[in-house]
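**Q** I am attaching a structure below and will ask some questions about it afterwards.
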Amino acid sequence: MTLPFRPFLFPALLAGLAACGSKAPAEADAPAAEGDEPAVKPRALVTVGAVQTDTLTDVLRLSAVSAYPAKDALRATTTGYVLAPAPVVGQAVQAGQTVFTLQTKESRVLHLDQLTGDPRLKFSGLIRIKSPRNGVMATVDKLAGDYVQDGEQLGLTYDKNRFGFILDVPVTQLRYVHTGQSCRILLPDGRVLPGRVAEVLATADVSIQTQRYTIRPTGPVPSLPENLAVQVELDRTAPHLARTLPRGAVLTDETQTQFWVMRLLNDSTAVKVPVTVGAQQPANVEIKAPAFSAKDRILLSGNFGLDDTAAVKVTK
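Just so you know, our numbering puts 837 at position 32 of the sequence shown, and the rest follows in order with no gaps.
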């Protein structure tokens, strides 16, 4: 069966094709909707640098407390009264110096200290308590006018020659500490005193597993109170050459068990490179592995939070 020819369908078909073709360019030129993502993600602004060779020393830093381990107790040698003047806390005393003066109760009743006419009366009832060595008054337990019993403590003096610092060393670090070893004592005000490990004490803390040492300054010592918290630095290794990066270039996880850096793959892409770190200084960190060359460009800033492969833009 032959279908009849209908010439009016061709103009309609051509008009439809023309209409479709005219809409395509308009739709292509239309702006993107508000919620659509941009085609190109923004790049992080970073600065780069290379590994450096520095002289490093692996340092062990521990907390210590100032102490006067040797104290002298000044005690009354008779029953009586403390006479003025009485010493004050912090007062320096010399060996053989009279620190306290006592008057016996019999002397006070008989006024023996005022009888000077009879040369046969040589006992005035005044007892002088002297310091056995140079020191500083730690405590003053009795004041002028106080009544004391025989053997009662009048005060304590620090032995300045035995001044030092008590250092508790974790048992895991004992191999790095030995008697006679030099160290540095960092005071809270920024001063640094040279010192040495004087002796190991036969005591250990069971709860935190530490061994106790005594640190003694080797130079002039300023006047310091007891129980002053300080930091002690001991060298775990001898000075050695090492390849380092600034501390800000080395990233780590929350537990500080994994470390990595971001290295430029090309001018616009940075990749994550795991590293093994060594000695860590306040400004630099030793990179033991891998062996970066001087041509490797490492991100120094702008690297925090970047993905394994990140788009970056290097700034000067």
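Every residue gets a Cβ at the ideal spot worked out from N, C-alpha and C, and that includes glycine.
If you drop the 5 nearest sequence neighbours on each side, which residues of the same chain put their C-beta closer than 7 Å to that of residue 935?
**A** Counting only Cβ-Cβ distances below 7 Å, and skipping sequence neighbours, we find 901, 902, 903 and 904.
**Q** Cβ atoms of residue 969 and residue 874: under 8 Å apart, would you say?
**A** Yes.
**Q** Are three or more beta carbon pairs between the region 1064-1072 and the region 1016-1029 nearer than 8 Å?
**A** Short answer: they don't touch.
**Q** CB-CB under 6 Å to residue 1056, same chain, minus the five flanking residues each way: which ones, in chain order?
**A** Correct list, in chain order: 1065.
**Q** Give every residue of the same chain whose Cβ lies closer than 7 Å to the Cβ of residue 1121, excluding the five residues on either side of it in the sequence, and list them in chain order.
**A** Answer for residue 1121: no residue qualifies.
**Q** Give me the DSSP bridge partner(s) of residue 788.
**A** As displayed, the chain neither begins before 806 nor continues past 1121, which places residue 788 out of reach and without an answer.
**Q** So, under 8 Å CB-CB, residue 958 and residue 897 are touching, yes? Tell me the CB distance rounded to an integer number of Å.
**A** So it is not a contact: roughly 20 Å between Cβ atoms.
**Q** One question on the structure: do residue 1041 and residue 865 come within less than 8 Å of each other, judged by their Cβ atoms?
**A** For residue 1041 and residue 865, yes; Cβs fall inside 8 Å.
**Q** Starting from residue 1071, trace the beta strand (DSSP E) both ways and give me its first and last residue.
**A** Its beta strand (DSSP E) spans residues 1064-1071.
**Q** Go ahead and pull the three-state DSSP assignment for residue 909.
**A** In this structure, residue 909 counts as strand in the three-state DSSP scheme.
**Q** Are the beta-carbon atoms of residue 1074 and residue 1119 separated by less than 8 Å?
**A** Contact: no.
**Q** Alpha carbons only, please: which of 1051, 1011 and 1016 is nearest the one belonging to residue 1102?
**A** Taking only the C-alpha atoms, the option nearest residue 1102 is 1051.
**Q** Touching or not, the region 973-992 and the region 885-896, by the rule of three or more beta carbon pairs under 8 Å?
**A** Segments in contact, no.
**Q** Provide the residue(s) that pair with residue 888 in DSSP beta bridges, ordered along the chain.
**A** In DSSP, residue 888 forms a bridge with 906.
**Q** Could you pull the start and end residues of the beta strand (DSSP E) that residue 855 belongs to?
**A** Unbroken run through residue 855: none, as it is neither H nor E.
**Q** Quick one: which unbroken beta strand (DSSP E) runs of 3-plus residues sit fully inside the region 958-1016? Chain order, please.
**A** Entirely contained in the region 958-1016, the beta strand (DSSP E) runs reaching 3 residues are, in chain order, 958-964, 969-975, 987-991 and 997-1010.
**Q** Which same chain residues, not among the five before or five after residue 974, have their C-beta less than 7 Å away from its C-beta?
**A** Counting only Cβ-Cβ distances below 7 Å, and skipping sequence neighbours, we find 867, 982, 1015, 1016 and 1018.
**Q** Less than 7 Å between C-beta atoms, sequence neighbours within five positions excluded: which residues of the same chain meet that for residue 988?
**A** Cβ neighbours of residue 988 beyond the five flanking positions: 1000, 1001, 1002, 1020, 1037, 1038 and 1039.
**Q** Should residue 857 and residue 1081 be called a contact, given that it needs their Cβ atoms to be closer than 8 Å?
**A** Not closer than 8 Å, so no.
**Q** With a Cβ-Cβ cutoff of 8 Å, do residue 993 and residue 1035 count as a contact?
**A** Their beta carbons are under 8 Å apart, which means residue 993 touches residue 1035 by this criterion.
**Q** In chain order, what residues of the same chain lie with their CB nearer than 6 Å to the CB of residue 997, ignoring the 5 residues before and after it?
**A** Excluding residues within five positions, the ones whose Cβ falls inside 6 Å are 989 and 991.
**Q** Going by CA-CA distance only, name the one from 976, 1005, 980 and 1031 that's closest to residue 1011.
**A** That would be 976, whose Cα lies nearest to the Cα of residue 1011.
**Q** So what does DSSP say about residue 1059, is it helix, strand or coil?
**A** Residue 1059: coil per DSSP, three-state reduction.
**Q** Thinking C-beta only, is residue 872 closer than 8 Å to residue 1115?
**A** No, they are not a contact pair.
**Q** Which word fits residue 956, buried or exposed, when buried means at least 16 other C-beta atoms lie within 10 angstroms of its C-beta?
**A** Classification for residue 956: exposed.
**Q** Taking buried to mean at least 16 other C-beta atoms within 10 Å of its own C-beta, is residue 909 buried or exposed?
**A** Result: buried.
**Q** So what's residue 873 in DSSP terms, helix, strand or just coil?
**A** Residue 873 falls in the coil class under three-state DSSP.
**Q** So who's on the other strand from residue 1036, going by DSSP bridges?
**A** According to DSSP, which records beta bridges pairwise, residue 1036 is partnered with 868 and 991.
**Q** Quick one: Cα of residue 847 to Cα of residue 1112, how far?
**A** Cα to Cα, the separation comes out at about 13 Å.
**Q** Identify whether residue 835 lies in helix, strand or coil by the three-state DSSP scheme.
**A** Interpretation of residue 835 is limited by its pLDDT of 49, a score under 50 that renders its predicted location unreliable; the figure taken from the coordinates is listed afterwards. Residue 835 falls in the coil class under three-state DSSP.
**Q** For residue 1011, decide whether its Cβ has a neighbour in chain B, counting only Cβ atoms nearer than 8 Å.
**A** In summary, chain B is missing from the structure at hand, where a single protein chain is found.
**Q** Taking the Cβ atom as the reference point for each residue, do residue 881 and residue 954 lie within a distance shorter than 8 Å?
**A** Their beta carbons are under 8 Å apart, which means residue 881 touches residue 954 by this criterion.
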